[in-house]
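Enquirer:
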């Protein structure tokens with residue numbers, strides 16, 4: 001939805017730029033093109049990342065979304081550079097543009113469309129973070145829960161937030177330039193919009209570079225450590241890894257149990273732990289290993305129940 005709306009906005013702003021020659025509209029057109037390209041890439045990457053594992057790729061394709069978004073970030077970076085260059089040129093060689101009514105109409109339509117997409121993205125953020133709220137929650141609570149959202153959702157929300165601000169800034173610059181004659185204002189705003197694009201590129205690059213390498217989900221690690229420790233047969237956790245694989249989580253743990261337990265009971269413990277952990281948000285794969293209790297407490301990292309995720313399906 002975000003990619004289609006940004007494509008429509010890019011065409012609309014491009015038409016306004018051709019009719020008026022307004023450099024702020026050029027910057028906004030490049031911004032919308034960058035967002036549309038990025039979001040189409042994310043859509044394709046997300047779809048490919050959901051492919052089932054194969055014998056050749058037994059770990060699945062979860063990290064493909066990170067690789068695809070990294071490629072998209074390069075394209076957006078080029079567009080950001082072109083936006084800044086055009087704004088710089090306009091500051092030192094300002095030209096008066098007409099069609100104030102056209103520009104403001106286009107920016108108003110773009111702003112309303114962007115608020116709609118931002119609201120939908122905010123709802124998705126809250127859904128993925130399992131947070132409930134009222135009508136305005138997607139525009140208020142989503143900021144505090146953004147880290148719990150999937151990479152694609154986080155990217156759309158962050159980009160659309162920047163675009164919404166950019167639309168307002170472009171409208172202010174156009175009105176200011178037409179009312180005061182300070183035409184360089186449009187070039188200054190164009191540079192600011194380009195810098196905001198670079199900021200998105202920077203955030204997207206870091207986020208997805210960590211995803212390609214494989215990053216620990218600290219909050220879910222604490223949560224799963226607590227869930228494992230709730231089992232009365234688990235004496236200690238020797239090792240626990242919760243690694244992000246694109247939009248999903250891979251869990252691997254080694255736990256200590258009493259060596260006198262029969263095999264069938266150990267098998268039941270494994271089934272119970274697997275059921276609980278796989279019911280957690282985003283967890284798709286788990287490996288559980290057992291070792292005999294050595295009497296030495298190794299795992300001391302998990303936090304109190306009040307500081308971890310408050311709900312899980314198994315309960």
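In UniProt numbering, the protein residues as written are 1 to 315.
C-beta atoms are modelled at their ideal positions from N, C-alpha and C, and glycine is treated no differently.
Going by C-alpha to C-alpha distance, which of 114, 195, 289 and 213 sits closest to residue 77?
Expert: It is 195.
Enquirer: For the candidate residues 28, 91, 133 and 20, whose alpha-carbon lies nearest to that of residue 182?
Expert: It is 91.
Enquirer: Checking 8 Å against the spacing of the C-beta atoms, do residue 99 and residue 19 come in under that value?
Expert: Yes, Cβ-Cβ distance for residue 99 and residue 19 is below 8 Å.
Enquirer: Provide the residue span of the alpha helix (DSSP H) that contains residue 5, from first to last.
Expert: That run of the alpha helix (DSSP H) goes 2-20.
Enquirer: Answer with buried or exposed for residue 138, where buried requires no fewer than 16 other C-beta atoms within 10 angstroms of its C-beta.
Expert: Answer is buried; the Cβ neighbour count reaches 16.
Enquirer: Expressed to the nearest angstrom, what Euclidean distance is found between the alpha-carbon atoms of residue 238 and residue 299?
Expert: Distance between the alpha carbons of residue 238 and residue 299 is about 6 Å.
Enquirer: Can you tell me which of 159, 127, 152 and 136 puts its alpha carbon nearest to the alpha carbon of residue 145?
Expert: Of 159, 127, 152 and 136, the residue nearest in Cα terms is 127.
Enquirer: Applying the 10 Å Cβ sphere with the 16-neighbour rule, what's the burial state of residue 259?
Expert: By the 10 Å Cβ count, residue 259 comes out exposed.
Enquirer: Determine the direct distance from the alpha carbon of residue 116 to that of residue 246, and round the result to whole angstroms.
Expert: Cα to Cα, residue 246 sits roughly 26 Å from residue 116.
Enquirer: Examine the Cβ distances between the segment 277-284 and the segment 80-94 and report whether three or more of them are shorter than 8 Å.
Expert: No, because fewer than three Cβ pairs between the segment 277-284 and the segment 80-94 fall closer than 8 Å, the two stretches do not touch.
Enquirer: Just list the residues that DSSP pairs residue 199 with in beta bridges.
Expert: Paired residues: none, contrary to the question.
Enquirer: Roughly how many whole angstroms lie between the Cα atoms of residue 178 and residue 192?
Expert: For residue 178 and residue 192, the distance between alpha carbons rounds to 19 Å.
Enquirer: Which residues mark the beginning and the end of the beta strand (DSSP E) in which residue 288 is found?
Expert: Unbroken beta strand (DSSP E) run through residue 288: 283-292.
Enquirer: Does DSSP put residue 310 in a helix, in a strand, or in coil?
Expert: Interpretation of residue 310 is limited by its pLDDT of 47, a score under 50 that renders its predicted location unreliable; the figure taken from the coordinates is listed afterwards. Looking at residue 310 - three-state DSSP - the assignment turns out to be coil, as it is neither helix nor strand.
Enquirer: When DSSP builds the beta bridges, which residues end up paired with residue 239?
Expert: Answer is 254.
Enquirer: Could you tell me how far apart the beta carbons of residue 105 and residue 30 are, in whole angstroms, since I believe they sit closer than 8 Å?
Expert: The pair is not a contact, with the Cβ atoms about 20 Å apart (cut-off 8 Å).
Enquirer: Give a yes or no on whether the C-beta atoms belonging to residue 157 and residue 121 are separated by under 8 Å.
Expert: Cβ distance < 8 Å, so residue 157 and residue 121 count as in contact.
Enquirer: CA-CA distance, residue 223 and residue 201?
Expert: Between residue 223 and residue 201, the C-alpha separation is close to 31 Å.
Enquirer: Residue 205 and residue 36 - do their beta-carbons sit closer together than 8 Å?
Expert: No. Outside cutoff.
Enquirer: Give the straight-line distance between the Cα atoms of residue 311 and residue 162, rounded to the nearest whole angstrom.
Expert: Here the model assigns residue 311 a pLDDT of 43, short of 50, so the residue's position is not dependable and the matter cannot be decided.
Enquirer: Any contact of the segment 62-70 with the segment 38-51, i.e. 3+ C-beta pairs under 8 Å?
Expert: Short answer: they touch.
Enquirer: Please classify residue 132 as buried or exposed, where buried requires at least 16 other C-beta atoms within 10 Å of its C-beta.
Expert: Residue 132 should be labelled exposed.
Enquirer: If you follow the alpha helix (DSSP H) that residue 329 is part of, which residue opens it and which one closes it?
Expert: The displayed coordinates of the chain run from 1 to 315. Any statement about residue 329 would go beyond what the structure contains.
Enquirer: Nearest by alpha-carbon distance to residue 255: which of 248, 233, 243 and 169 is it?
Expert: Residue 233 is the option with its Cα nearest to residue 255.
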